[in-house]
Each structure stands twice: as structure tokens, then as C-alpha cells.
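Novice:
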Amino acid sequence: MSCKLRSLHAIVLFVLLGPFAAGCREMKVAPVSGTVTLDGNPLKKASVVFQPEGGRPSFGVTDENGYYRLGYSMNEEGAEVGSCKVTLSTALESGDYGSKKSKELVPPRYLKEPVVVEVQPRSNTIDIALTTTP
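Per this note's numbering, residue 3 is the first one in the sequence shown, and the count goes up by one each step.
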């Protein structure tokens with residue numbers, strides 16, 4: 003078989019089998035959304051950060067219903083697949099000089115020891131239910 007014919011076979015195999023090989027790869031980033039509650043009530047305007055071990059964090063903010071959707075980059079939503087520590091806070095600081103932070107509603111124990119969740123290689127709904135009493 004000539005060199006040109008072998009190259010042609012390799013290209014045909016790559017074109018035909020490439021999509022199957024790509025489908026077998028595990029997703030690095032998967033969509034994540036959910037609801038954050040405190041004692042059963044929506045936690046409004048809370049920052050939500052998913053921090054994978056050794057990876058890049060994802061960020062979101064809860065709306066009036068406690069709903070969040072994570073952003074991984076400017077062009078991609080979600081979080082890295084695997085175990086993530088979740089940091090939550092309602093103490094937001096505006097950029098104005100002399101401005102005050104808003105009140106922190108997240109109980110101190112969650113600030114000391116973040117919630118740990120597992121992001122799966124598919125679309126994820128991860129609800130986080132916080133309580134004021136242990």
C-alpha cells in the first residue's frame with residue numbers, strides 16, 4: 003500500500019471515528035444550578051462559589067428566590083466536574099470608599115467549614131439547604 007493511500011485511510015478513520023471518541027471523553031465542565039435556602043427560606047443576593055481542588059472556581063449570585071446558575075468563564079456556564087467546596091456569603095461590599103458591607107446571613111459554621119458537593123459530568127441541580135442551628 004502506498005504512503006498516500008495509508009494517509010487517506012488514516013484521514014477517513016479519523017473523520018469517521020472522531021465523533022465517537024469525542025463522545026467517550028468525560029466532560030471537564032458541567033452545567034450547575036440550584037437553590038440556596040436558609041431555614042427553608044430563599045437566601046437572596048448570596049454569592050455562590052464552587053472551588054474544585056486544584057481547579058478554577060465558578061461563580062454565581064442567588065436571585066430573590068434563592069436560585070443560582072454558575073458561570074465558569076465568559077463563554078461557558080457550569081463548574082468543573084468532581085468534588086467542590088462551596089463558599090456562600092451575603093456580605094457584599096460595594097466599590098465606594100467608606101461604604102459598609104451588607105449583613106452576613108450565612109451562619110458562621112458554613113463560613114469556617116464550606117459545604118462540599120460533587121459535580122457530575124452532566125447537567126446538575128445542586129440545592130444547598132443551610133440551617134441556623136446545627
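We put the CB at the ideal spot given by N, CA and C, even for glycine.
#1: Cα separation between residue 30 and residue 105?
#2: What's the gap between the Cα of residue 116 and the Cα of residue 130?
#3: Look at the alpha carbon of residue 72 and the alpha carbon of residue 108, and state the distance between them as a whole number of angstroms.
#4: To the nearest angstrom, report how far apart residue 133 and residue 61 are at their CA atoms.
#5: In three-state DSSP terms, what is residue 23?
#6: Drop a sphere of 10 angstroms on the beta-carbon of residue 118, count the other beta-carbons inside from all chains shown, and report buried for 16 or more, exposed for fewer.
#7: Could you give the distance in angstroms between the alpha-carbon of residue 81 and the alpha-carbon of residue 74?
#8: Under a CB-based cut-off of 7 Å, is residue 114 close to chain D?
#9: Could you pull out every residue in the same chain whose Cβ sits closer than 7 Å to the Cβ of residue 128, ignoring the five residues on either side in sequence?
#10: Roughly how many angstroms lie between the CA atoms of residue 57 and residue 87, to the nearest whole one?
#11: Would DSSP call residue 90 helix, strand or coil?
#12: When you compare only the Cα positions, how much space is there between residue 63 and residue 46?
Specialist: Considering the structure as presented:
#1: 35 Å
#2: 11 Å
#3: 19 Å
#4: 22 Å
#5: Any reading at residue 23 needs caution, since the residue's pLDDT is 41, under 50, leaving its predicted position unreliable; the model's value is listed next. In the structure shown, residue 23 sits in a helix (DSSP, three-state: H, G or I).
#6: exposed
#7: 6 Å
#8: You won't find chain D in this structure, because it holds only one protein chain.
#9: 34, 36, 119
#10: 11 Å
#11: strand
#12: 8 Å
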